[in-house]
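Just below is one structure, and these are the notes that go with it.
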Amino acid sequence: DAPVGDYDVLLSAPDIFSSTAGTSTFAVRFANADNAVLAQAWNAGTARFATGATLSVR
938 DAPVGDYDVL LSAPDIFSST AGTSTFAVRF ANADNAVLAQ AWNAGTARFA TGATLSVR
């Protein structure tokens with residue numbers, strides 16, 4: 938059960954090997970360009986892509 942609220946949708950594809958899965962430089966980076974208008978951006982520190990979509994839990 939998730940708490941009620943709005944959540945940003947992020948995508949992440951870490952490396953398949955446990956020795957490098959936690960290292961963002963080995964993650965798959967999605968080809969989408971950053972787009973501030975759509976709130977889409979790659980975060981190199983967390984290796985996650987913000988899709989600009991929001992999920993609402995009611």
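For what it's worth, this note's numbering labels the leading residue of the sequence shown as 938, then goes sequentially.
Here a beta-carbon is modelled for each residue, glycine too, at the ideal position from N, C-alpha and C.
At the C-beta level, D971 and A964 stay beyond 7 Å of one another. Here F954 is not near F967, since their CB atoms are 7 Å or more apart. Counting every other CB atom within 10 Å of its CB across the protein chains shown gives A981 a total below 16, marking it as exposed.
Residue state for T962 is assigned as helix, using DSSP reduced to three classes. Taking C-beta atoms under 8 Å as the contact rule, D945 and T991 qualify, at a distance of about 6 Å. For A990, the enclosing beta strand (DSSP E) has its first and last residue at R985 to V994.
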